[in-house]
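Accompanying notes for the structure given below.
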Amino acid sequence: YKAISLGQGQGPVAEDMISKSVVAGEWIFLQNCHLAASWMINMEAIVKNINEGITPCHNNFRLFLSSMPAKTFPVSVLQNSVKVTSEPPKGIRANMKRAFIDITPTFFETHRLEMDWKKIVFGICFFHAILLERKKFGPLGFNIRYEFNDSDRECALLNFDMFCKEGAIPWDALIYITGEITYGGRVTDSWDQRCLRTILRQFFSPETLASDYKYSPSGIYYCPESKFLQQYRDYIEELPINDNPEIFGMNSNANITFQTQESNYLVNTIIDIQPRVSSGGAGKSNDEIVYELAETILAKLPEKLDIEKAPRSLFEPDAKDRLNSLTTVLQQEVDRYNRLLNIIKLSLSNQMKAIKGLVVMDETLEKMYTAFLNNQVPSIWTDAAYPSLKSLASWIKDLLLRCDFIGLWITHGLPKSYWLPGLFFPQGFLTGVLQVHARKYDLPIDELSFHFTILSFERDHTTYNEQAKRLDYGKKLDVDEQLPHVKDGVILHGLYMEAFRWDNEQKQIVDAARGEMIATLPMLHMEPRQNYVVDPTQYISPLYKTAARAGVLSTTGHSTNFVVTVNLPTDKPQDYWIAMGSALLCQENEPLSSDEETNSKNLTFERVIEECGSFGRYQYIHFFFLIFFPIATGIYNFYYVFGVAETLYECHISNDINQDFNIEVLPSQCSYIIKNYQTETNETYPCTNWNYDRSVFGKTFSEEANFICQRSVYRSLLAMILQIGAMLAFFTGQITDLLGRRRTMQLLICLLLVTSLITQTLLQFVPMSINLKFILLLINQFVSGIDTFMVSFILLMELTTSSYATFVGNLALVAFTFGEIILTGMAYICRHWLLLKWVMTLYILALVPYLFFVPESPHWLLTKHRYDELKELLHQIARYNHRSESQWLPYYRYIIDKHQKQKDLNQKNKITLSLFSKLRRFLTHIPTMSKLFISGFLGFVTLLLYFQISYGLATMNEIDPYSNIIIGAFVETIGYIAASLFMIRYGRKSIFILFLILTIICLLLRPLTYNQNRFIIIIIAQLGKFAISGATGVTYIFVPELFPTTFRGTGMGFFVFLGRCGSTIAPLIDASINHNHVLITAMYYLYAILTILCVLLTLLLPETRNVPLVDKINYNNSNQNNKKPYNTQSIDRT
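Numbering (the working numbering), first residue to last: 3 to 1136.
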């Protein structure tokens, strides 16, 4: 066969060779077709003539072509060829395996350097594999993708062999040849060359010959000290298949970069091959989409940047009649932006005319049309604009920000801090700063360089821009006044850090946080200094315009993407950060898929929490501690069952009565009968003293106060007073909306703790009458009812998102039942009503330390406009959940900006309403009031039935009370879990109705089972407990979701208030109809009727599953839902 390597001037030679071989039937191999781009058209014609038979062809003729991927290679040739692709293997192990297959045992094992030679060969092969694999990390690996191949490695090994034949290793010569010629000859970017030299030192230097040298910190990668080549091949087989970023000198974030690039490439490929023919239907056509988008962009663009509006101070010359260099920079920036705006406006106008058919849709407009559909910036704009990687929507927003920045510079004069990314040509601006300094001190500009100082201030330019646009001429913002006055140089803001971050405490750069690809650099003071010598301990970081880093190579040896080097303090060597790929950027990578997502009305504050981590390590920690408060509620709510239990008792008969042999005394529980045989009469006397059986409950307060017989109503009063205290939830709900969740929890726990300690100390150590003891216990029970369950429940839900609301709510309710079990164990051990109170108080005392760390609700902070505290809290959540700022901060900024705009609009259009008018507006808001009263009724019925069934289980004689409570708690837990599992899939309304129907069935069956087997009685009772527990669990999750954050505590408080009214009535009803089967049966049927009413009213409420929590009442649109339309018969969320 004949072969020829194509290149300049080789096309005619190849044509002549083909023409002869076609006739003779020879094989032709044309190498490197990508290097003969201009000859590809001729080659396409030659192949076409052969295929179509125009050129006579011998049957044995074959044409072989080799090429790198190139756009110039003819597609028709590819389609008519048998294609074989050859790619370098992926992964270090595969690359090393390929390299050592090519190495012969003679070359590897018989060198004079022996083990040193093996380490050199192994090291250079590893170095070659690292260079190939770094490309997958994109700009983090190398700014430009260099096509290193096997010939580079082979050439390097041959050089080593040649230079080391004498048995000595000329390190300087070999390092220079390898780094600057063999491999460095391919590298055109100076920063890539620096990176290559750094990597080479890691694998090829005198230190690598040490026996304990490792290529990576973990020690996984190293050169084995073996004699034979096969042993090295065996070691390579044991290397990890998936490469750890540490071998490249990078952290785990590099893998995220690689995976993101792969995903973007896949998505962009899919977009490119999508057909652009719109199908029929109700949706907009492509023409309508593009036309509306062009119209919208055109409306947003400023007319032009008018330098004539600048104040005279900008154009005042110095003593030597020289204009300020920064004013010259401003003029140049204005010209560039005006030119770009004119191009954009003209192309948009032509695009709209072309869609209407008024002008011809040429190739440029066709490309622009396609770019609009793909949310990409048209090439006609990018060619005239600054470098940017943003999508179309973000690019327009960024352009408007840039125009605003230049406009503010024109109207307000020199800024206190410059937004460097907002400049069209930042290199020119920095040169202008040096020129200002040189003129000020009469210094040669070529002797000046920058000294960098990181300030402790941060600035978000989007927020700053909104504030600055509202600023009157001559006024200054407070954030500008806080900045230090700099005598020389300028202050910059808006820079980003890739692959590292700034630590304000250590005042130096440190490793990037896990998952944080891009960090914000604080404000930077750049001060020109003459003959400034850079501190060698600092990291010399390049500053690029975009994250692509690559650009057109300029005459300075740097790419046009490069701006300046910035020296940053560090405690680590330069090589550490160079291998990491650390650099500063003027633009961060686009955090959102498109700007429309940011600006959509569906974007809520929940999205911010979701990006911070809606269920991560932060939630695990606080949820673990917060569930101890619902446990406390369960403990205090069921104290009545054991501490005031009615034990078995019998009337105690005095020995004096039994002395007469003619009478017989017959004692009962509440009286005794004396039978007089002499007079044949029976007389009944009320009992004044009793014998109590302590084998079950121990000593209860009912025994100590004799709350039995006619005084048993006082026992119910102790249960009722707890529920009355719980009714104050209506007021504590308002307090939690006013003071916040955190402070309300602290106040309630302190109130409970102080009251318990005072009352129980008096009961324990101060002698007093039983009536005073009863009053103190009533006070204790009343305050115990004012628990933190509602506040902690709301806080649990507001620390996560709606997708986890069901789980979190269920967690609190299960914790409540766990409190029942804990109380049962406490009561079984203590066997004394006051000792049981002390143990309960110790439990509350153990919760006090956490009150100093309990977080505030982010939703509450947002509604109270406490943005600094909110941002700090979100920072904390994101840090614990290993989320980066770039993931949540853009969403946060948008939400805060929206709130701020709404607040400003309200201030501007402020209408002063009297207290009566505000109250009237609230009371006449039908959706809110309807939900309030319906939820209150649901709370009344469900808690009435819940406590009626729970207290009833405790007094059942079929099982001992301890087992009854524990079994009931487990059944209740199953009810909550079952309800939550169903709610996740089927929603709140349908599952609530389902459990209510099951409750109705149990209520109707209960009277029919009085004379049945005790097993059937227990089954029906526990099934009722299961049903009402599930219904109660649904309401505690459903009701908070119905109300906005500003009213959630109050709405939940009203729900609990009416619910506690029901639970207060429960023990009174129980005491009033005790042992009267007719009344008991009637009450069960009445309960069933109330439950049916609950079912009907529930149908009027909206579904809230997976609907984000609303923050404010919308008085302007009472009948619209924020998320999606519901059934018109239901009451929408507001």
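We put the beta carbon where it would ideally sit given N, CA and C, even for glycine. These numbers come from a predicted model, not from an experiment.
Taking a contact to require three or more Cβ pairs closer than 8 Å, the region 514 to 521 and the region 885 to 895 qualify as touching. Residue environment: K933 is assigned as buried (16 or more neighbouring CB atoms within 10 Å of its CB, all protein chains considered). Here E1105 is actually not in contact with R987; their C-beta atoms are around 13 Å apart, not less than 8 Å. Here A981 is buried. Its C-beta has 16 or more other C-beta atoms within 10 Å. A check of alpha carbon separations from E17 across N34, S192, Y223 and I48 identifies I48 as the nearest. It is roughly 13 Å from the alpha-carbon of F75 to the alpha-carbon of N82. Within the same chain, Cβ atoms closer than 8 Å to the Cβ of R503 are found at I511, V512, D513, A514, A515, E518 and A521, the five residues on either side in sequence being excluded.
Of the residues assessed, V816 falls on the buried side of the cut-off, its CB having 16 or more other CB atoms within 10 angstroms. Considering only G424, G409, I126 and Y293, the residue with the shortest C-alpha distance to G359 is Y293. The bridge partners DSSP lists for N693 are E652. DSSP places A521 in the uninterrupted beta strand (DSSP E) bounded by I520 to T522. Distance between V379 and Y443, taken at the CA atoms: about 45 Å. Annotation for D194: the continuous alpha helix (DSSP H) segment containing it runs S192 to F205.
In the three-state DSSP reduction, L801 falls in the coil class, being neither helix nor strand. Counted as a single uninterrupted DSSP element, the alpha helix (DSSP H) harbouring N352 occupies residues S327 to K358. Per DSSP, reduced to three states, the secondary structure at L176 is helical. Across the structure, R64 and N145 are spaced so that their CA atoms are roughly 40 Å apart.
Taking a C-beta distance under 8 Å as the contact criterion, G415 and S327 do not qualify as a contact pair. For H624, the enclosing alpha helix (DSSP H) has its first and last residue at R619 to L628. F784 and D505 have their C-alpha atoms roughly 51 Å apart. Pairwise C-beta distances place the region 993 to 1004 out of contact with the region 852 to 863, as fewer than three of them are shorter than 8 Å. The beta carbons of R743 and I796 sit closer together than 8 Å.
With contacts defined as CB atoms closer than 8 Å, H36 and A72 qualify as a contacting pair. When K92, Y224 and S220 are compared, the shortest CA-CA separation from A212 is found for Y224. For the 8 Å CB-CB criterion, L422 and G496 form a contact.
Here DSSP, grouped into helix, strand and coil, assigns M931 to helix.
Residue state for A981 is assigned as helix, using DSSP reduced to three classes. When DSSP states are grouped into helix, strand and coil, E887 belongs to the helix group. Under the 10 Å beta carbon count, E365 is surrounded by fewer than 16 other beta carbons and is classified as exposed.
A Cβ-Cβ separation of about 18 Å leaves L241 out of contact with F110 under the 8 Å criterion. Ranked by how close their Cα comes to the Cα of N161, the residues V123, N151 and E135 have V123 in first place. DSSP, reduced to helix, strand and coil, places S584 outside both helices and strands of the structure shown, so it counts as coil.
Separation of the CB atoms of S794 and M747 is rounded to 6 Å, and the pair is thereby assigned contact status at 8 Å. For D505, the enclosing beta strand (DSSP E) covers residues R503 to D505. The three-state reading of DSSP puts S561 in strand, counting E and B together.
Distance check between N708 and each of S771, Q766, R745 and T734 places S771 closest, using alpha-carbon atoms only.
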